[in-house]
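Report on the structure given below.
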Amino acid sequence: MTFTKQEKIACVFLLILGVFGPILFPGYTFQIAVLWIMILFAQTWDLLGGQMGYNSLGNIFFFGVGMYICAITQIGLFYDVGIYTAAHGADTAQFSSDQYYIGIFSGLFFAAIGSAILSVFLGWAVFGLRGPYFAIGTLGVALSAGELFGAWEWVGGGGGIALPVFPGSGDAKSIFFYILCFLSATMTFLFLKWLYSTRFGLALNAIRDDEDKAESMGLHTLRYKTIAWAISAFFLGITGGLFGNMTGFIEPLEVAFPTITFGILMVAMCLLGGKGTFWGPILGAVLFHFIKEATWIYFLGWQWIALGVIIILNIIFFQQGIMGYLQEKFPHWFGIEVEDKSLKQTNKVENSQ
Amino acid sequence: MSDNFSLLVIAPLLNVQLLLDGLFIGAIFALAAYGLALVWGVMNVKNLAQGEFVIMGGYFAWYAGEQGFHPIFALPIAFVAMFAFGWIVYKVIISRVVDKDMFTSLLATFGLAIVIQQGINLIFGPEVQIAESGFETGEFFEGSVTIAYIKLISFLICCLLAFTVVFFMKKTRIGQAIRATSQDARAAKLMGINTEKVYAFTFALNSAICGVAGVMISMIWVIQPFYGVPHSIRSFVVVVAAGLGNLPGVIVAALGLGIAEQYGGFILGAELQQATVVGLLLAVLVWRQIQSKRNRQAVK
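Chains A and B are the protein sequences, given in the same order. Under the working numbering, the first residue of the first sequence is numbered 1, with each subsequent residue one higher. Under the working numbering, the first residue of the second sequence is numbered 1001, with each subsequent residue one higher.
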């Protein structure tokens, strides 16, 4: 794992934003925390979509599953989940601060592990699909999960679950979750940076370039694909648990499985920044978050239309994304050596003489 | 759940009711699915905005009803307007993604779907709407089977439109050009077919068919700006199950889907009706996978 000079600058910039952001702009702590979640979304999507060439439209599934597992663990450790959800968050249950912290950390742990295990089973079902079928199949998984959780009364059904209340002031809550979001995004960042520098990263790229060929060269492609998906699910599960606790209320269609909003945003962010590059998704997530907040403020009511138009324009005119464009124009910035074709030809001529 | 199931055994006429409702709805699904298969087969574009086209057509009928006209008069208007809309969409968006990889078209049409949904939402509001047709409801078997006559009319219109489209594809010059292009676009171009025009026409025809389907949906069911996604999923279920260029297959699969959905909604409860559709999509995909695994292939 090595960083070039530009990458070091970007890392320092992100670190400064992460540490001093909430100190300088305390009113925006929640927004900056969501920015870290968005970066995590984009990076975990890019692990499959960009590096492995499997464009999933249903990665949000693990986000929602993690959210539910975390919530059930938090409540289930101390109360009966069915009774708790049936009361719709009325004051029947109180969590002491010890109970809260034990609950949330074990909840996040189980959310991560549970999502990863689920992804292995799901991978068995969907990884025989390629290209558009994979995209549609995963979209179906996420949509049906939303419907199924909406019909499952034990976890609150369509009415949702109110999560345990944070024991402390509102400021303490936002700082607590901010730190957790920042840590999980950093963890994902470092882990993926390391992963792409290993043999595993090369295998993923080989699958993207030509899966049949990769398989005939002896790569057990299904194993690689499943592990990659499990990694992605692991981090998404943690994020889901965090996000559920940040909002304090879980509802299947809008919060836990927002397939049409967050689920598509993670794809759009990667495409804007440039999929298949390490920094593209991060850049895309940062830009997209700012665009989103700006459209929310200045085009209220039109924000989704603006978002749809951005996706279309991005897809049609600017498919390689920002990093892809830069890589094409200035390859030496990325340490890519481009052989000068004219030079090569003259050499050849000289050699033949 | 099991109560509803035993109810079906005790009262066999309920089955007749569900079957008929399924057929009437399924006929409309067949139209939208045929449009999807047409576009998919001819220009290899997977249109995720299919359901939104349907809902758009529905709003024509609803708006006509609001203005005091009978919603069925909106049929030709919806056809023509959606044809024009499809042509414009092709020229602006689809023509730029035709020769790109398939995920591109999927995402571009998804962006289009978001724009259409939200546009309708801004113009007409998020309420669930129904276009009142004012036709009576016929009762059979002493009232245990009811058929709204509008469902019968819409079924007939569906059949008529389907026959017209098939005749059009088989007999007219442009229909032949479309089929030639879907077989081999390059060869068709060499033979002097303006493939660009054929693509535009195909896409416009698809959205016109969807518009007509939407008019019918608004009269016999409900429309809402965000109800497009399940319609898109339905079209995909049908096309994936039937395969491309298999018109009888599309019809059978669509009718089957309509019936399965009615039964699913009845037995599992109305809140799981949509989950039935998506569950069927997954089932079909897994089934196709097992099928091709036997030949050591992946579903591409």
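Even glycine gets a Cβ: it sits at the ideal position worked out from N, Cα and C.
At the level of alpha carbons, what is the spacing between residue i and residue j?
{"i": "L1018(B)", "j": "I1153(B)", "result": "18 angstroms"}
{"i": "Q43(A)", "j": "D209(A)", "result": "19 angstroms"}
{"i": "N59(A)", "j": "G128(A)", "result": "17 angstroms"}
{"i": "G156(A)", "j": "N245(A)", "result": "16 angstroms"}
{"i": "L313(A)", "j": "L1112(B)", "result": "10 angstroms"}
{"i": "L180(A)", "j": "I227(A)", "result": "25 angstroms"}
{"i": "Q353(A)", "j": "L219(A)", "result": "Residue placement at Q353(A) is poorly supported in this model, since its pLDDT is 47, which falls under 50; the coordinates still yield a value, given next. In a straight line, the C-alpha of Q353(A) is about 44 angstroms away from that of L219(A)."}
{"i": "V12(A)", "j": "G18(A)", "result": "10 angstroms"}
{"i": "F1103(B)", "j": "P132(A)", "result": "6 angstroms"}
{"i": "R130(A)", "j": "L57(A)", "result": "13 angstroms"}
{"i": "C270(A)", "j": "D46(A)", "result": "7 angstroms"}
{"i": "L1161(B)", "j": "G274(A)", "result": "44 angstroms"}
{"i": "R223(A)", "j": "Q51(A)", "result": "15 angstroms"}
{"i": "I207(A)", "j": "S119(A)", "result": "19 angstroms"}
{"i": "V1286(B)", "j": "Y68(A)", "result": "26 angstroms"}
{"i": "W124(A)", "j": "G280(A)", "result": "29 angstroms"}
{"i": "F95(A)", "j": "A162(A)", "result": "13 angstroms"}
{"i": "V255(A)", "j": "R1186(B)", "result": "47 angstroms"}
{"i": "A111(A)", "j": "C70(A)", "result": "5 angstroms"}
{"i": "Y1059(B)", "j": "G1119(B)", "result": "12 angstroms"}
State the CB to CB distance for the pair residue i and residue j, rounded to an integer number of angstroms; the pair is presumed to be in contact (CB under 8 angstroms).
{"i": "F1236(B)", "j": "I264(A)", "result": "Their Cβ separation, rounded to whole angstroms, is 16 angstroms, which puts F1236(B) and I264(A) out of contact at 8 angstroms."}
{"i": "V1145(B)", "j": "V1016(B)", "result": "5 angstroms"}
{"i": "I315(A)", "j": "V1097(B)", "result": "7 angstroms"}
{"i": "G107(A)", "j": "T239(A)", "result": "With a Cβ gap of about 13 angstroms, G107(A) and T239(A) do not count as contacting."}
{"i": "A1078(B)", "j": "G1057(B)", "result": "5 angstroms"}
{"i": "A172(A)", "j": "F62(A)", "result": "Their Cβ separation, rounded to whole angstroms, is 29 angstroms, which puts A172(A) and F62(A) out of contact at 8 angstroms."}
{"i": "R1234(B)", "j": "L1257(B)", "result": "6 angstroms"}
Out of the options, which one is the CA nearest neighbour of residue i?
{"i": "G168(A)", "options": "G276(A), L222(A), S97(A), E153(A)", "result": "S97(A)"}
{"i": "N1246(B)", "options": "I1093(B), P1071(B), V1009(B), G1041(B)", "result": "G1041(B)"}
{"i": "C1159(B)", "options": "E1142(B), F1141(B), P1248(B), V1229(B)", "result": "P1248(B)"}
{"i": "I104(A)", "options": "G248(A), L195(A), D46(A)", "result": "G248(A)"}
{"i": "T1276(B)", "options": "M1191(B), E1127(B), P1230(B), L1255(B)", "result": "P1230(B)"}
{"i": "V309(A)", "options": "T295(A), F3(A), I16(A)", "result": "T295(A)"}
{"i": "G1265(B)", "options": "V1250(B), F1085(B), D1021(B)", "result": "D1021(B)"}
{"i": "Q319(A)", "options": "L1013(B), A1027(B), S1105(B)", "result": "S1105(B)"}
{"i": "E1139(B)", "options": "E1132(B), Q1273(B), A1254(B), Y1149(B)", "result": "Y1149(B)"}
{"i": "I1072(B)", "options": "R1173(B), S1207(B), A1213(B)", "result": "A1213(B)"}
{"i": "G53(A)", "options": "E7(A), L202(A), F78(A)", "result": "L202(A)"}
Given that residue i touches chain B, what residues does it touch there, using C-beta distances under 8 angstroms?
{"i": "Q320(A)", "result": "Under the 8 angstroms cutoff, chain B gives no residues; its nearest Cβ is about 12 angstroms from Q320(A)."}
{"i": "G137(A)", "result": "L1281, L1282, L1285"}
Note down, in chain order, every chain B residue with its Cβ under 9 angstroms from the Cβ of residue i.
{"i": "A151(A)", "result": "L1268, G1269, E1271, L1272, A1275"}
List the residues of chain B that residue i touches, going by C-beta distances under 7 angstroms, in chain order.
{"i": "V81(A)", "result": "Here the premise fails: no neighbours, minimum Cβ distance about 20 angstroms."}
Using a cut-off of 8 angstroms between C-beta atoms, extract the partners of residue i located in chain A.
{"i": "V1229(B)", "result": "L143, I260"}
{"i": "L1008(B)", "result": "Under the 8 angstroms cutoff, chain A gives no residues; its nearest Cβ is about 20 angstroms from L1008(B)."}
{"i": "L1122(B)", "result": "G301, W302, I305"}
{"i": "F1053(B)", "result": "Simply none; closest approach about 15 angstroms."}
Just the chain A side, please: which residues come within less than 9 angstroms of residue i by C-beta, in chain order?
{"i": "G1192(B)", "result": "The premise fails here: G1192(B) is roughly 29 angstroms from chain A at the closest Cβ pair, so nothing lies under 9 angstroms."}
{"i": "K1046(B)", "result": "P132, A135, I136"}
{"i": "F1039(B)", "result": "A small correction: the amino acid at residue 1039(B) is Val; Phe does not occupy that position in the sequence shown. Residues of chain A passing the Cβ test: none, with the nearest at roughly 13 angstroms."}
{"i": "L1014(B)", "result": "Near L1014(B) there are no residues of chain A at all, since even the closest Cβ is about 22 angstroms away, more than 9 angstroms."}
{"i": "I1233(B)", "result": "I136, L139, G140, L143"}
If the cut is a Cβ gap below 8 angstroms, which residues of chain E does residue i touch?
{"i": "L1112(B)", "result": "This model lacks chain E altogether; the protein chains it does include are A and B."}
Taking Cβ-Cβ distances shorter than 7 angstroms, what residues in chain A pair up with residue i?
{"i": "V1278(B)", "result": "G140, L143, S144, E147"}
{"i": "Q1289(B)", "result": "G128, L129"}
{"i": "G1119(B)", "result": "I305"}
{"i": "V1115(B)", "result": "I305, G308, V309"}
{"i": "M1056(B)", "result": "Neighbours of M1056(B) on chain A: none; closest Cβ ~15 angstroms, over 7 angstroms."}
{"i": "M1102(B)", "result": "G131, P132"}
{"i": "L1106(B)", "result": "P132, A135"}
{"i": "F1236(B)", "result": "I136"}
Any chance the CB of residue i is under 7 angstroms from a heavy atom of the ligand PLP?
{"i": "E1127(B)", "result": "Ligands in the displayed structure: none, and consequently the ligand PLP is not present."}
(request) Name, going along the chain, the residues of the stretch 120-134 of chain A whose beta-carbon falls closer than 7 angstroms to a beta-carbon of chain B. (result) Taking 7 angstroms as the cut-off between beta carbons, the residues of the stretch 120-134 of chain A near chain B are A125, G128, L129, R130, G131, P132, Y133, in sequence order.
(request) Closer than 7 angstroms, Cβ to Cβ, to anything on chain B: give me those residues from the stretch 48-76 of chain A, in chain order. (result) For the stretch 48-76 of chain A, the residues whose beta carbon sits under 7 angstroms from a beta carbon of chain B are, in order, N55.
(request) Anything in the stretch 1149-1165 of chain B with a Cβ closer than 8 angstroms to a Cβ of chain A? List those residues in chain order, please. (result) Here the close residues number zero.
(message) By the 7 angstroms beta-carbon criterion, what residues does the stretch 286-320 of chain A contribute toward chain B?
(response) With the criterion set as a beta carbon lying under 7 angstroms from some beta carbon of chain B, the members of the stretch 286-320 of chain A are G301, W304, I305, L307, G308, V309, I311, I312, I315, I316, Q319, in sequence order.
(message) Taking beta-carbon pairs under 8 angstroms, can you tell me which members of the stretch 1084-1100 of chain B lie near chain A?
(response) Against chain A - using a Cβ distance shorter than 8 angstroms - the residues of the stretch 1084-1100 of chain B are I1093, R1096, V1097, K1100.
(message) Any C-beta of chain B within less than 7 angstroms: which residues of the stretch 261-281 of chain A qualify?
(response) Taken in chain order, the members of the stretch 261-281 of chain A whose beta-carbon sits within less than 7 angstroms of a beta-carbon on chain B are I264, V267.
(message) Tell me which residues of the stretch 1238-1261 of chain B have at least one Cβ-Cβ distance to chain A shorter than 9 angstroms, keeping chain order.
(response) Interface annotation for the stretch 1238-1261 of chain B against chain A: V1240, criterion Cβ-Cβ distance under 9 angstroms.
(request) Scan the stretch 1178-1189 of chain B for residues whose Cβ lies nearer than 9 angstroms to a Cβ of chain A and list them as they occur along the chain. (result) If the cut-off is 9 angstroms between Cβ atoms, the stretch 1178-1189 of chain B has nothing near chain A.
(message) Using a Cβ-Cβ cutoff of 7 angstroms, what residues of the stretch 1025-1036 of chain B are near chain A? List them in chain order.
(response) The stretch 1025-1036 of chain B vs chain A, Cβ under 7 angstroms: nothing.
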